[in-house]
Amino acid sequence: MHIPEGMLPGAVCIAGYALTSAAMWYSLKQINKKEDPHKEIPKAALLTAAFFISTFILIPIPPASVHPMLIGIIGAMLGYFAFPAITIALFFQAVLFQHGGITTLGVNAFLFGTSALLSYYVYLYAARIFQSKKYQQVIAGFLAGISGVAVTVFLFYLVLILFLPTTLDVETEKKAIMLLSLSHFPIMILEGVFSASLFGYLSKMKPQLIEVIK
Amino acid sequence: MIHIHSSVEEHVHLVSPIHQLDTRFKLIGMLFLIFSFAFISKIELLIFSIFVSFFILTISKLPFRFVLQRIKLPGLLIFMVAIVTLFFSEGSAVFHLGPLSVTKEGIHSFILILVRFISIMMLMVVLLGSTSIIQIIKAMRDLKLPTLLCDMIFFSYRYIFELGNDLKTMHIAMNMRGFRSKSILSIPTFALLSGSLLIRSYEQSDRVYNAMTLRGYGQNSNYYKQETSYTLVDCIWLIILILLSAFILCIEFGPY
Numbered sequence: 014m015h016i017p018e019g020m021l022p023g024a025v026c027i028a029g030y031a032l033t034s035a036a037m038w039y040s041l042k043q044i045n046k047k048e049d050p051h052k053e054i055p056k057a058a059l060l061t062a063a064f065f066i067s068t069f070i071l072i073p074i075p076p077a078s079v080h081p082m083l084i085g086i087i088g089a090m091l092g093y094f095a096f097p098a099i100t101i102a103l104f105f106q107a108v109l110f111q112h113g114g115i116t117t118l119g120v121n122a123f124l125f126g127t128s129a130l131l132s133y134y135v136y137l138y139a140a141r142i143f144q145s146k147k148y149q150q151v152i153a154g155f156l157a158g159i160s161g162v163a164v165t166v167f168l169f170y171l172v173l174i175l176f177l178p179t180t181l182d183v184e185t186e187k188k189a190i191m192l193l194s195l196s197h198f199p200i201m202i203l204e205g206v207f208s209a210s211l212f213g214y215l216s217k218m219k220p221q222l223i224e225v226i227k
Numbered sequence: 067m068i069h070i071h072s073s074v075e076e077h078v079h080l081v082s083p084i085h086q087l088d089t090r091f092k093l094i095g096m097l098f099l100i101f102s103f104a105f106i107s108k109i110e111l112l113i114f115s116i117f118v119s120f121f122i123l124t125i126s127k128l129p130f131r132f133v134l135q136r137i138k139l140p141g142l143l144i145f146m147v148a149i150v151t152l153f154f155s156e157g158s159a160v161f162h163l164g165p166l167s168v169t170k171e172g173i174h175s176f177i178l179i180l181v182r183f184i185s186i187m188m189l190m191v192v193l194l195g196s197t198s199i200i201q202i203i204k205a206m207r208d209l210k211l212p213t214l215l216c217d218m219i220f221f222s223y224r225y226i227f228e229l230g231n232d233l234k235t236m237h238i239a240m241n242m243r244g245f246r247s248k249s250i251l252s253i254p255t256f257a258l259l260s261g262s263l264l265i266r267s268y269e270q271s272d273r274v275y276n277a278m279t280l281r282g283y284g285q286n287s288n289y290y291k292q293e294t295s296y297t298l299v300d301c302i303w304l305i306i307l308i309l310l311s312a313f314i315l316c317i318e319f320g321p322y
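Going line by line, the protein sequences match chains A and B.
Position one of the first sequence corresponds to residue 14 (the numbering used here), numbered consecutively onward.
Position one of the second sequence corresponds to residue 67 (the numbering used here), numbered consecutively onward.
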């Protein structure tokens, strides 16, 4: 789900970098408010690598296969570290495998990073609502996973359809964005199940890994 | 499972004017040119861009087959998008293919997307094929990227290989115990695999961090600073690349 090189006009690529810089500045500002910002770097870097590696975990959905996006999971586990983490992972994917691109890195990072930050808030809110419930982490993880995919997919098609150098009429554009976003509904549910299973497992085995970095 | 070094960095040790450039100058110059290509919408400039990319590729002495290898996969995706724009753009119809009509605007978009992609990708492959990832990260650090981001990039780069190897080992172990992933019912199993992988790597990363802290990590950010030098040739190359970018932007946005 990366926008590749050459697909978007230069002005949109520059605007993407401007938005990503602003979001990155805000995230780093929040991170630097912490007593020891360096302490969480290993965990953030680990999840950055996990986001990168996630493309290699192929879950069969005959006749094709999908890989977990991990956007909601990264948002829920890293908080404000999620934005730099996702930007770095996308940079490595563009550089090492040509997934996405350098000119479109700003746009891709903003789409994925914003979704991760929104998932972080969804996770915090859900965890607060289901506080002291047995399945608190499972439900919060499920919702974070779903919201991560939902927001990313919607923003992805919005950008793609609005800024592709084609001349589609407004009604067709609206329909295309809605239809393409809704077609990912099963993927959202699968990602939610994956996140819920992962959070359920981690809450039992290593709860400090899902203690969100506030 | 992951053979990153062998595929991306296999031609880093070639000797060419592009390989010998200072990484900081190469990075800035190439990015200027790549971004100027992204602004192109005129067909004449597309021809110029592909000529420039091909010229730089020839100077870099990178094998053309290597470039094709890197472009092949993302090229497939961009080709599908270009096909969609070819058939679904509004405008004056040039000819019809069954129920679909191909417009003049559609043909323009099709050529624009494909040629712009090839030009940018050729330069990207030259940049990445002539410079190791570590050199690029160091150059970004020298170009004043925030320390926290640089640290995260270095750590992540290391963990990519660690996690890749661990994932491969654990996957083989699962298969040897009889696991066969045939349907979506295996999602919880994959989640457990990912969880185990994260726990294993987290414990290791924690130990590495503690060892680094004991050696003074985080106490003094100046320890990164190194003596760096550049030559007149680096400066000339940077000026040429920036002038080329300026020329493209002037033609694109000028009254010509």
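From the three backbone atoms N, C-alpha and C, an ideal C-beta is built for every residue, glycine too.
Query, Result
"Inter-residue Cα distance where the pair is Gln221(A) and Thr117(A)", "35 Å"
"With 16 other Cβ atoms within 10 Å as the buried cut-off, status of Tyr225(B)", "buried"
"Exposed unless 16 or more other CB atoms sit within 10 angstroms - verdict on Phe207(A)", "buried"
"Within chain B, partners of Lys219(A) - CB distance below 9 Å", "Gly261, Leu264, Ile265, Tyr268 and Glu269"
"Cβ neighbours of Thr61(A) in the same chain (closer than 6 Å, five flanking residues each side left out)", "Ala98, Ile101 and Ala102"
"Distance, Leu193(B) Cα to Val135(A) Cα", "40 Å"
"Residue-chain proximity (Leu194(B), chain A), Cβ-Cβ < 7 Å", "yes"
"Where Ile68(B) sits in the DSSP three-state scheme", "Only weak support exists for where Ile68(B) lies, its pLDDT of 46 falling under 50; the value from the coordinates is given anyway. In this structure, Ile68(B) counts as coil in the three-state DSSP scheme."
"Proximity of Gly158(A) and Ala129(A) at Cβ, strictly below 7 Å", "no"
"Any C-beta of chain A under 7 Å from that of Met240(B)", "no"
"Bridge partner(s) assigned by DSSP for His77(B)", "Answer is none; His77(B) lacks a bridge partner."
"Host beta strand (DSSP E) of Lys124(B) (start-end)", "A small fix is needed here, since residue 124(B) is Thr in this sequence, not Lys. Careful: Thr124(B) lies outside any beta strand (DSSP E), inside the alpha helix (DSSP H) at Ile109 to Ser126."
"With 16 other Cβ atoms within 10 Å as the buried cut-off, status of Met37(A)", "buried"
"Euclidean distance between Cα positions of Pro327(B) and Glu224(A)", "Residue 327(B) cannot be examined here, being either before or after the span of chain B that is shown, 67 to 322."
"Helix, strand or coil at Ile72(A) [DSSP, three-state]", "strand"
"Sub-7 Å separation of Arg136(B) and Gln106(A) beta-carbons", "no"
"Helix, strand or coil at Ser247(B) [DSSP, three-state]", "coil"
"Nearest neighbour of Ser67(A), chosen from Leu229(B), Ile308(B), Ser295(B) and Phe221(B) [CA to CA]", "Leu229(B)"
"Three-state secondary structure assigned by DSSP to Leu264(B)", "helix"
"Segment contact flag, the segment 173–191 of chain B with the segment 107–115 of chain B, C-beta cutoff 8 Å, min 3 pairs", "yes"
"Exposure label - Leu131(A); buried when at least 16 CB within 10 Å", "buried"
"Residues near Ile125(B) by beta carbon distance below 8 Å, same chain, minus five either side", "Ser82, Pro83 and Ile84"
"Sequence-distant residues of the same chain with beta carbon closer than 6 Å to His69(B), five excluded per side", "Bear in mind that a pLDDT of 48 at His69(B), under 50, signals an unreliable position, so the number given afterwards is only what the model happens to contain. Excluding residues within five positions, none has a Cβ falling inside 6 Å."
"Chain B residues whose Cβ lies nearer than 7 Å to that of Ser160(A)", "Correct list: empty, because the minimum Cβ distance to chain B is about 17 Å."
"Start-end ranges of the beta strand (DSSP E) lying completely within the segment 64–144 of chain A, minimum 3 residues", "72–74 and 77–79"
"Three-state class that DSSP yields for Ser82(B) in the structure shown", "coil"
"Alpha helix (DSSP H) segment containing Phe221(B), residue limits", "Thr213 to Met242"
"His162(B) (DSSP reduced to helix, strand or coil)", "strand"
"Where Ser167(B) falls: helix, strand or coil (DSSP)", "strand"
"Arg131(B) vs Asp208(B) beta-carbon contact at 7 Å", "no"
"Below-7 Å beta-carbon distance, Tyr225(B) vs any chain A residue", "yes"
"Residue from Leu258(B), Ile317(B) and Tyr223(B) with nearest C-alpha to Lys217(A)", "Leu258(B)"
"Whole-number beta carbon distance between Cys26(A) and Val120(A), since they are thought to touch under 8 Å", "6 Å"
"Residues within the segment 198–213 of chain A neighbouring chain B, beta-carbon criterion of under 7 Å", "Leu203, Val206, Phe207, Ser210 and Leu211"
"Alpha-carbon spacing of Ile94(B) relative to Ile200(A), whole angstroms", "39 Å"
"Of the residues Asn231(B), Met188(B) and Glu156(B), the one placed nearest Ile173(B), counting alpha carbons only", "Glu156(B)"
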